[in-house]
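Quick notes on the structure that follows.
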Amino acid sequence: MTRSTPRSDAPVADAYDPSAIETKWQARWRERGTNAANLASGANPFYALMMFPYPSAEGLHVGNLFAFTGNDIYGRFQRLRGHTVFEPMGFDAFGIHSENYSLKVGEHPMRLIPRNVANFKRQLQRGGLMIDWRYAVDTTDPAYYKWTQWIFVQLFKAGLAYRRKAAVNWCPSCKTVLANEQVIGGACERCGTKVEQRFLAQWFFRISDYAERLLNNLERIDWSETTRTAQRNWIGRSEGAEIRFQVRGQKSEAGGAAPSDVGPATADLVVFTTRPDTVFGAMYMVLAPEHPLVEQITTPDRRETVQAYRDETARQDLVARKVNKDKTGVFTGAYAINPATDAEIPIWISDYVLMDYGTGAIMAVPGHDERDFEFATLFHLPIRRVIAPQGTPADARLHEAFVEDAGAHLVNSAAFDGMPVEEAKRAVTDWLAEQGSATAVVHYRLHDWCISRQRYWGPPIPVIHCDVCGPQAVPEADLPVILPDIADFKPDDSGVSPLARHEQWYRVPCPKCGAPARRETDVSDTFLDSAWYFLRYPSARRDDVPFDTEMTRRWLPVASYIGGNEHAVLHLMYARFITMVLHDLGFLEFEEPFRKFRAHGHIIRDGAKMSKTRGNIVNPDRYFEQWGADSFRMYLMFLGPFQEGGDFRDAGISGVRSFLNRLWLAVEDARDDGVPDEEVMGKLHRTIRKVGEDTQRLGYNTAIAAMMEYMNALRKSDRVPHRAEVEPLVQLVAPYAPHIAEELWERLGHGRSVMDGGWPAFDEALAREDTVELAIQVNGKLRGTIHLPRDVDQQAALDRALAEPQIAKFVTGTPRKVVFVPGRLLNLVV
RNA sequence: GCGAGGGUGGCGAAACGGCAGACGCGGGGGACUUAAAAUCCCCUCCGGGUAACCGGGUGCGGGUUCGAUUCCCGCCCCUCGCACCA
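Residue numbers (the numbering used here): 1 to 830.
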């Protein structure tokens with residue numbers, strides 16, 4: 001194409017001016033409701049959901065925009081393919097981030113958040129996202145959290161919410177409870193003070209009751225494999241056995257040897273193990289320091305030492321206890337009886353045994369567990385081999401724990417000697433079970449979900465505590481429990497929420513008996529807000545129900561969910577759990593909320609995730625300004641694979657910009673008369689196919705490359721392009737660069753939005769190439785290429801190849817073997 | 001330690017087991033211009049050769065195959081999760 005010398009008789013094309021056309025089209029979309037989906041009756045519904053953002057004061061950064069653009073392209077593509085696409089947006093605005101920021105700048109979150117939200121909305125609109133703003137949600141809006149509280153009430157009524165004491169991280173300097181993420185290396189992330197443990201009564205949801213279903217359903221949902229794996233690991237299913245050990249001199253359930261007077265409860269120690277086959281090697285026992293039986297079994301002479309160790313452990317924060325360090329522990333003075341060997345084995349306590357996994361107690365098998373081996377070596381406890389690989393003598397000394405089980409068998413294990421490990425796991429359990437000392441069980445790593453936050457900026461937990469009736473759910477008619485607008489929302493050293501300082505707020509009558517009672521003053525976890533927002537969007541304009549039955553049936557489960565993999569376990573697990581519960585309670589017809597989930601990659605900067613603390617946040621505003629939203633969107637998608645992300649640099653943005661510029665010129669130049677070029681049309685249809693396939697699998701970078709390639713081909717043909725050669729390209733570009741696509745579509749004479757013009761039809765016949773370029777190899781080495789008719793057979797290809805001197809010179813005599821891949825290559829083995 | 005994902009030109013990256021490096025950036029040369037910008041054209045993995053061409057090349061070492069960036073085995077390195085889970 002001879003663009004450098006425009007024909008003098010052609011009208012001078014006005015140049016591509018992104019800022020002018022983007023302003024124009026964003027206004028048009030608003031006026032004409034282009035982005036508004038007909039939720040009630042639109043055909044072929046497609047719910048394109050994106051994880052909603054936390055509206056930070058810094059505004060949207062390019063990492064957010066990268067993710068949102070990826071979702072927008074997918075949503076727009078589905079719309080062009082004939083779906084009614086619903087692409088909503090909302091704000092996850094409650095939580096500790098907002099609260100801490102408010103404390104820092106000294107402005108109340110109720111004033112701060114709306115400003116941040118407005119800024120986000122401005123930026124999202126500037127980015128050209130196809131958001132239907134009529135259905136926006138804000139988790140801090142009482143009209144929203146009314147239903148968050150309603151969900152709590154449903155769980156409470158169903159017995160799935162309960163209260164118990166649990167450890168929290170406490171910063172003695174900030175006088176506040178910290179989330180685990182706020183504890184860095186055992187110290188408070190803000191002031192650096194060493195964090196302590198405190199025990200507070202908190203609300204929990206029984207998510208562990210759903211562990212098996214949450215695990216099994218993973219098999220049948222279309223999610224990124226990495227996300228499913230993360231969930232599987234988080235649920236952490238372990239099959240094993242609980243084994244009961246009697247304590248010498250203590251009353252026992254199994255032995256029945258206890259005195260008849262009113263003694264202490266039985267002091268049998270129950271352990272969980274995944275290796276019941278190693279019970280003959282259990283040489284000692286270890287309890288978590290907090291284990292309730294420690295006090296009862298400790299002998300008088302050891303009491304002081306044991307208490308000192310327990311006190312020291314309690315002073316440590318939850319995070320410090322979990323880092324690898326040298327083993328510590330003390331002997332309780334008590335002995336247990338190994339039910340397999342009848343041997344008396346010492347009982348120790350150590351912080352390497354965790355109270356919140358299994359039963360908080362273990363049988364230590366130093367020969368076959370690395371931690372137990374390390375502990376036994378340190379405290380000079382006996383180590384015995386009970387598992388040996390083929391060919392190893394039973395008395396071979398262990399220099400480290402032998403933990404492999406494949407191909408190994410039992411030794412020093414009485415009647416079980418010689419039995420393979422896998423078989424022995426069951427056989428030993430059965431044998432112990434007959435004596436009443438073991439049960440086969442399954443344990444999960446997944447813990448119940450603690451939803452209490454001793455903070456201000458969240459929805460109050462809708463409970464009223466009555467001394468007579470106990471905790472009562474706030475009646476549904478009284479919801480929402482409004483979060484009061486108080487000035488002193490800073491946490492103090494009372495260990496309870498700032499709301500507990502507001503008597504006029506928390507003093508209420510008991511909803512059951514009318515006696516003076518007290519509101520719960522904790523607020524709920526932000527993750528509860530986000531565990532159901534996708535249910536709310538389609539019904540966001542209804543204030544009488546959390547989600548409308550008809551709308552929900554039409555739009556859910558979500559057709560496509562895109563978000564960051566940092567939410568692979570928490571948010572995505574909680575959302576599945578809440579959906580499952582609402583299904584069980586009869587509110588929803590489905591139990592899995594997201595049909596399809598894809599994790600997007602992350603835009604990093606200088607090798608690190610963008611964050612304010614690192615000071616590497618890139619604000620998209622100046623790129624919108626300088627290059628236009630279309631170029632910037634396309635550039636972000638061109639950086640690398642959407643599901644992998646990449647390092648942000650602005651080098652290279654000029655490449656996509658000049659592509660759009662060329663597209664603009666090609667459309668301006670296009671002629672209506674004459675016929676399109678056959679070869680160009682072939683290339684066009686191959687491009688239509690590739691862009692469609694790539695966009696469908698979120699392969700945006702290669703889809704863009706294909707469009708560029710087509711543009712290059714168009715220019716190479718060195719003619720004024722025909723309208724039929726460029727018009728479909730405008731449609732292919734539309735999901736990626738919607739503003740320029742709208743403008744060009746209009747200039748091509750269309751009255752309606754390009755978003756309603758459909759996806760260009762793909763014609764297989766046109767796409768097919770008549771000749772193919774066949775690679776000719778000799779012994780696997782490329783020696784030349786020849787052009788041949790598409791359907792050439794092996795013999796003809798061989799004859800043609802051997803007729804080429806460049807190829808023939810490498811072939812001496814008759815080839816021993818010929819490999820022919822039609823349309824691709826011919827390999828001669830000589 | 002466990003799990004997942006990666007390692008390909010100067011850079012971002014492509015490649016149903018079949019021509020490695022598409023597409024883009026950067027770089028070099030040229031056209032247009034009084035000049036610059038913009039735009040356009042050509043070249044650009046490494047080594048050798050004026051050239052046609054030859055040889056080498058996808059983290060390292062093996063294997064399968066007519067043929068391996070791709071599949072298998074064993075290592076090394078990076079990123080991200082989880083991390084004393086019994």
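No residue lacks a Cβ here, since even glycine has one placed at the ideal position from N, Cα and C.
Check: Span of the alpha helix (DSSP H), counted from its first residue to its last, around MET893; Outcome: Residue 893 lies beyond the residue range present for the chain, which begins at 1 and ends at 830; the question has no answer from this structure.
Check: In DSSP terms, what THR84 is bridged to; Outcome: PRO45
Check: Straight-line gap, GLU742 to LEU663 (C-alpha atoms, nearest Å); Outcome: 13 Å
Check: Beta-carbon spacing of ILE704, PHE762 below 8 Å; Outcome: no
Check: Residues that PHE245 bridges to, as DSSP identifies them; Outcome: LEU269
Check: HIS722 beta carbon less than 8 Å from that of ARG671; Outcome: yes
Check: Secondary structure of TRP170, DSSP reduced to three states; Outcome: strand
Check: Presumed contact (8 Å Cβ cut-off) between GLN246 and ASP268, rounded CB distance; Outcome: 6 Å
Check: Touching by the beta-carbon criterion (3+ pairs, under 8 Å), the region 266-285 and the region 336-347; Outcome: yes
Check: Status (buried if at least 16 other CB within 10 Å, exposed otherwise) for THR771; Outcome: exposed
Check: C-alpha distance - VAL330 paired with LYS490, whole-angstrom precision; Outcome: 41 Å
Check: ALA308 versus LEU293, ASP326, THR332 and PRO292, residue with shortest Cα-Cα distance; Outcome: THR332
Check: Pairwise C-alpha distance: PHE91 and PRO53; Outcome: 6 Å
Check: Helix, strand or coil at THR341 according to DSSP, with G and I counted as helix; Outcome: coil
Check: Per DSSP, the bridge partner or partners of PRO389; Outcome: ALA408
Check: Proximity of TYR352 and LYS327 at Cβ, strictly below 8 Å; Outcome: yes
Check: Sub-8 Å separation of TYR506 and ALA500 beta-carbons; Outcome: yes
Check: Whole-angstrom C-beta distance between ALA376 and ALA388, which should lie under 8 Å; Outcome: Their Cβ separation, rounded to whole angstroms, is 18 Å, which puts ALA388 and ALA376 out of contact at 8 Å.
Check: Among ALA20, THR392, VAL428 and PRO538, the one whose alpha carbon lies nearest that of GLU87; Outcome: PRO538
Check: Per DSSP, cross-strand counterpart(s) of LEU826; Outcome: ILE776 and PHE820
Check: Spatially closest choice to GLY418 from VAL496, HIS409 and VAL195, by CA coordinates; Outcome: HIS409
Check: Inter-residue spacing [alpha-carbon to alpha-carbon] between ARG768 and LYS690; Outcome: 13 Å
Check: Nearest candidate by alpha-carbon position, reference ASP138, set ARG115, GLY127 and LEU160; Outcome: ARG115
Check: Buried or exposed by the 16-neighbour rule on C-beta atoms within 10 Å, applied to ALA257; Outcome: Unreliable placement is indicated for ALA257, whose pLDDT of 41 sits below 50; no coordinate value is reported for it.
Check: Secondary structure, beta strand (DSSP E): runs of 3+ residues fully inside the region 727-752; Outcome: none
Check: CB-CB length for PRO735 against ARG76, believed under 8 Å; Outcome: 4 Å
Check: The region 29-46 contacting the region 128-137, beta-carbon criterion three pairs below 8 Å; Outcome: yes
Check: PHE632 versus GLN202, LEU535, GLY127 and GLU668, residue with shortest Cα-Cα distance; Outcome: GLY127
Check: Check whether VAL428 and ASP277 have beta carbons under 8 Å apart; Outcome: yes
Check: Cβ neighbours of THR812 in the same chain (closer than 8 Å, five flanking residues each side left out); Outcome: VAL830
Check: Closest residue to ARG81 among ASN827, LEU826 and VAL754 (Cα-Cα distance); Outcome: VAL754
Check: Helix, strand or coil at ARG686 [DSSP, three-state]; Outcome: helix
Check: Cβ contact check for the region 591-601 and the region 223-232: 3 or more pairs under 8 Å; Outcome: yes
Check: Opening and closing residue of the alpha helix (DSSP H) in which MET110 lies; Outcome: 109-126
Check: 3 or more residues per run - each beta strand (DSSP E) lying fully within the region 616-701; Outcome: 645-647
Check: ASP356 - DSSP class collapsed to helix/strand/coil; Outcome: coil
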